[in-house]
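In terms of full-length UniProt numbering, the sequence shown has 487 at position 487, counting the first letter as 1, and numbering is strictly consecutive.
Have a look at the structure below, then the notes.
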Amino acid sequence: MATGQRSARRAALGDPLFAGLVVFALLGLVWYVVPLARLDGAIRLFWPTQVVLDLIICLTSWQIWAMPGAEPSTRRFWRSMAQATALFAIGDCHQAFVAATAATPEAAITGGAVQLAFLATGVCIPLYTMITHPIGAVTRGERIRFWLDAIIILAAVAAFIWVYSVSYAGGDGLPRLVLTVAGAAGMLICALGVLKLALGRNPPFTRTAAAVGIVGVTMTGAGIAVGGALTETGHYHLSMAASFVPCVLMALTPKVQELGMRHGAASGIARRAGRVSVLPYVAVAATYALLVSVLWSAGLSPRAWGIVAGAILISTLVVVRQLAALAENHALLHRIAQQEARFRALVQHASDITVVAGEDAVITYASPATRRVLGIAPEELTGQALNALVHPDDLASLTLPAGPDDVETTQLRVRHADGGWRWLEVTRTNRLHDENVRGYICNARDVTDARAFQDQLRFDATHDALTGLANRLLFHRRLGGPARPGDPDGLVGVLAIDLDGFKAINDSLGHHVGDEVLTLVAERLRRCVRPYDTVARLGGDEFAVILSPTTEEYADATADRIRAALTQPAAVDGHHLQIGASVGVAIGTRTSTDGLLRTADAAMYRAKRRGKDALAAS
């Protein structure tokens, strides 16, 4: 915001209209104050100049209204300013014709009935906009604070109006009193409109534009106050100068606003939440000053002045104490807000997922990382049960810690938006006892790639790289493992298989042909057994099969299927090959698995001695 304001100020110095208005104000001030022209010539130029300034305000305000991206309340305010100054221009244009034929300088300089009617009508338009402008308060407490501040300031304004206006009107008759009271009411309404813009959180102008406008309005009020007296005393040039300079400042205000909005300055001077307004305290100080002024003129005894001084001193100390406490509170709130913003940034930009689930295991918060990891927006997860996202096979692993601050960590699969599953390592912490959480905090990181890598490492460690079959390590592990369910006898069959003539194929046709033969043999072996049986390559052209559960009949039948499958001709790399194998069969219980492979090997060698494609059982 500060950068935008500085850019707008630099742009203002180079803007032709802005620079022209500044130069015009200086020249006009010299024109009227010195003065450089005769009175009749100055009067003839005075009202046409006002019309030009009115049109500049109107057109610039309309440009702000038409700017894309402006806030609706900002556009509404500047549209009302354009409409009001259009009426001002009509009234001033009429007054220019009146001034050209006026009999006296007073009649020419002072606005007539038509000009005042257009002025009053035009003022009502932005006044209504200001009165109905939203204050931007979000909470009930903010609205209460706003209206308390406004009432304090309005009470101070009313006190000044009473002292300097209404209190003097009682002796001039009822009509004069009614007009005075009506004027006072109008001033209070105007003050309320200004307060809604000054105290609200979304005023329709930038800080710089507000500063220029406030100076212009203040000088306009002062010009009205002294203009009549200057005219009555014959200081016509000074009277016109008192009206001219504020009008130029008012013309600068929308231009400053436009430049600020075009260069990125904030479209308002809204107070940040928690920032204390000093205007009510200024109103209190001004009211005390007014009290002292009135009492001084009325006359008081030293005793009474002591009481007044004590009351002012006590009130001042109370105000200073409150401002100090509010400043300290604001500093504390600022530090808390910084910490919250830091932690919020850490959570929102963390690569890991953070989820909070209530006591019923329903998600109440999900961090933005869910979109990157799971492809699911956080708001879509809110309200869903935790178990609705977990793979059915992993639901048993999804337990929630029972005790306060207990922690559990599990790896499980969670549904992705594409229909697949991602492995997450989920750490769950019980924070039901924490009033700020009232739930379970689940931190999860994506371990899909790590899990796949680990699975691949485990697979590579227990499987043959060429054929993908179990290697000797996995073979012995499964051979010595527990029996399958539904196998009360625990019979295990082991088939030892050795290819016939493989060395000749490998030596004559090359290792690449030999590798393809081994891959082909592995595929044929898989087709000959059940899905839960184990086929292994023990090394070279030696294979083995674990049948569990089995019977002697099933083991012999499986061995026959294997021999028949392997004797089928094979076309490998353009060569028609006849592959055969010798198979040894051994059957035993789980308690005797250590010797099953040796027994099967012995049977296989007996079969090999009988000739190719032979079968032998233990």
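Glycine included, every Cβ here is placed at the ideal spot set by N, Cα and C.
Because the structure is a prediction, the values reported are computed rather than measured.
Let's test the definition: count the other Cβ atoms within 10 Å of the Cβ of residue i and tell me whether it reaches 16, buried, or not, exposed.
i: R610; result: exposed
i: R598; result: exposed
i: K255; result: buried
i: W47; result: buried
i: Q83; result: buried
i: Q257; result: buried
i: A607; result: buried
i: R482; result: The question names Arg, yet the displayed sequence has Pro at residue 482. It is exposed - the Cβ of P482 has fewer than 16 other Cβ atoms within 10 Å.
i: V20; result: Residue identity check: residue 20 is Gly in the sequence provided, not Val. Exposed, by the Cβ-count rule.
i: E516; result: buried
i: A327; result: exposed
i: G274; result: At G274, the pLDDT of 49 sits below 50, so the modelled position is not reliable and the matter cannot be decided from this model.
i: A318; result: Looking at the sequence provided, one finds Val at residue 318 rather than Ala. So V318 counts as exposed.
i: W305; result: exposed
i: I587; result: buried
i: I131; result: exposed
i: L252; result: buried
i: G141; result: exposed
i: A600; result: buried
i: A309; result: exposed
i: H237; result: buried
i: G419; result: exposed
i: G213; result: buried
i: I562; result: buried
i: V373; result: buried
i: N506; result: buried
i: A265; result: Residue placement at A265 cannot be trusted, given a pLDDT of 49 that sits under 50; what the coordinates show is reported in the next sentence. Per the 10 Å Cβ criterion, buried.
i: D460; result: exposed
Does the distance between the C-beta of residue i and the nearest non-hydrogen atom of the ligand MN fall short of 7 Å?
i: S301; result: Questions concerning the ligand MN fall outside what the structure shown contains, since it holds no ligand whatsoever.
Comparing C-alpha positions only, which one of the options sits nearest to residue i?
i: Y288; options: A159, D434, L119, G595; result: A159
i: Q115; options: D446, Y128, C124, A96; result: A96
i: V22; options: M250, A311, A99; result: M250
i: G91; options: V355, V51, R451, A366; result: V51
i: R44; options: D541, C93, V294; result: C93
i: S61; options: F205, M130, V347; result: F205
i: G260; options: A357, A70, W147, Q339; result: A70
i: G514; options: L525, F502, A522; result: F502
i: I151; options: R561, A283, D54, V292; result: A283
i: E425; options: I562, V318, A450, L17; result: A450
i: F18; options: P35, L479, I57; result: I57
i: L432; options: V98, D406, V163; result: D406
i: A357; options: A345, G383, R372, I376; result: G383
i: R201; options: S73, H235, M81; result: S73
i: L119; options: T85, P105, R145; result: T85
i: T567; options: A361, R145, V583, M81; result: V583
i: G375; options: A417, F343, N387; result: A417
Since residue i and residue j are thought to touch, with beta carbons under 8 Å apart, how far apart are those beta carbons, to the nearest angstrom?
i: L87; j: G112; result: Going by Cβ atoms, the distance from L87 to G112 rounds to 15 Å, so no, they are not a contact pair.
i: G493; j: V585; result: 7 Å
i: residue 642; j: C442; result: Since the first residue of the chain shown is 1 and the last is 618, residue 642 is not available in this structure.
i: R422; j: T448; result: 5 Å
i: I153; j: P280; result: 6 Å
i: L53; j: V278; result: The Cβ separation is near 33 Å, so there is no contact.
i: P404; j: N430; result: 6 Å
i: A544; j: A496; result: 5 Å
i: R445; j: D352; result: 5 Å
i: A350; j: A369; result: 6 Å
i: R524; j: A565; result: 4 Å
i: L466; j: L518; result: 6 Å
i: E359; j: G439; result: 7 Å
i: E542; j: D498; result: 6 Å
Tell me, please, which residues DSSP counts as bridged to residue i.
i: Q411; result: E425
i: R610; result: For R610, which the question treats as bridged, DSSP gives no partner whatsoever.
i: L495; result: V545, V585
i: H511; result: The partner list for H511 (beta bridge, DSSP) is empty, contrary to what the question assumes.
i: C442; result: V355, R428
i: V537; result: Val is not the amino acid found at residue 537; the sequence shown has Arg there. In the DSSP output, where bridge partners are listed per residue, R537 has F543.
i: Y365; result: V356
i: V572; result: H575
i: G580; result: D500
i: A385; result: V362
i: C390; result: A quick correction: the sequence has Val, not Cys, at residue 390. DSSP lists V414 as partners of V390.
i: H463; result: A470
### Segment contact, 8 Å Cβ cut-off, at least three pairs: the region 278-288 with the region 236-249
no
Contact between the region 375-393 and the region 405-420 (3+ Cβ pairs under 8 Å): yes
Validate contact between the region 527-538 and the region 552-563 using beta carbons, cut 8 Å, 3 pairs = yes
Original post:
Any chance the region 533-547 sits against the region 458-475, with 3 or more Cβ pairs inside 8 Å?
Top reply: yes
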